[in-house]
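Note that UniProt numbering gives residue 64 to position 64 of the sequence shown, counting from 1, and the numbers run on in steps of one. For reference, the structure discussed in these notes is given below.
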Amino acid sequence: MTITYLEDAKKLAKRRNLILTKVENKQKDSSRDTYKLVKLGEKFLETTDNVTENNIKADRNGKIKQIQISGKISTHDLNIKLKHVNKLLSKQYKVKFIINHDSDTQDKIFKYAESNIKQHGTIQKTVKSLYTTLIITPIINEDSNKNPHDVNVNITKN
Numbered sequence: 001m002t003i004t005y006l007e008d009a010k011k012l013a014k015r016r017n018l019i020l021t022k023v024e025n026k027q028k029d030s031s032r033d034t035y036k037l038v039k040l041g042e043k044f045l046e047t048t049d050n051v052t053e054n055n056i057k058a059d060r061n062g063k064i065k066q067i068q069i070s071g072k073i074s075t076h077d078l079n080i081k082l083k084h085v086n087k088l089l090s091k092q093y094k095v096k097f098i099i100n101h102d103s104d105t106q107d108k109i110f111k112y113a114e115s116n117i118k119q120h121g122t123i124q125k126t127v128k129s130l131y132t133t134l135i136i137t138p139i140i141n142e143d144s145n146k147n148p149h150d151v152n153v154n155i156t157k158n
């Protein structure tokens, strides 16, 4: 941990594409405020820790997977990520899909992702200034609970 001026820390955060977050100081002896350089995804996780813990308890499986992409992603790479999301949804995982974006790319990526995911799950969208969060819950089918290798299946021989 190093001590720098706030202006220098802001420049450093901008140069490294990080965010300055204020940290509560356990020791109230110092009169200085304490800040921490954090990646965007970590900042999101810190702010939603309480919300995700409650969602995990409420979720019947308690399984949430997180995938984070940049707004500058190519369509081929985006297709691969969306296939991975669809695979997780078919395994009944809840997926948190975070898109870091500029204001220009936000709508294109969201519409493309929505068109590929909507048949596999329901989408909740949250838009912030620097990122968009899609929380995708899988569609529960009655047939998905049936195991084809179940022992209690009646077999008839001819």
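Backbone N, C-alpha and C define an ideal beta-carbon position, used for all residues, glycine too. From a predicted model like this one, the values you see are computed outputs, not experimental measurements.
Is residue i buried or exposed, if buried means 16 or more other CB atoms sit within 10 Å of its CB?
i	result
asparagine 50	Because the pLDDT of asparagine 50 is 48, which lies under 50, any placement of that residue in the model is unreliable, and the question is left without a value.
valine 23	exposed
lysine 87	exposed
isoleucine 3	exposed
aspartate 150	Unreliable placement is indicated for aspartate 150, whose pLDDT of 46 sits below 50; the coordinate value is still reported in the next sentence. Exposed.
Using 8 Å for Cβ pairs, my map puts residue i next to residue j. What's the rounded Cβ distance?
i	j	result
leucine 6	isoleucine 19	In fact, because the Cβ distance is near 14 Å, the residues do not count as touching under 8 Å.
valine 78	isoleucine 136	Reading off the sequence, residue 78 comes out as leucine, not valine. With 8 Å as the limit, leucine 78 and isoleucine 136 do not qualify as a contact, their Cβ atoms being about 15 Å apart.
lysine 96	threonine 133	7 Å
isoleucine 117	isoleucine 123	6 Å
Give me the DSSP bridge partner(s) of residue i.
i	result
isoleucine 67	Phe97
threonine 137	Thr122
lysine 22	Tyr35
tyrosine 131	Asn100
If you check the beta carbons only, do residue i and residue j fall under 9 Å apart?
i	j	result
lysine 65	lysine 94	yes
isoleucine 140	glutamine 92	yes
tyrosine 131	histidine 101	yes
isoleucine 99	serine 74	no
lysine 11	threonine 21	no
Quiz item: Which residue spans inside the stretch 83–122 form an unbroken alpha helix (DSSP H) run of at least 4?
Solution: As far as the stretch 83–122 is concerned, its whole alpha helix (DSSP H) runs of at least 4 residues are 106–117.
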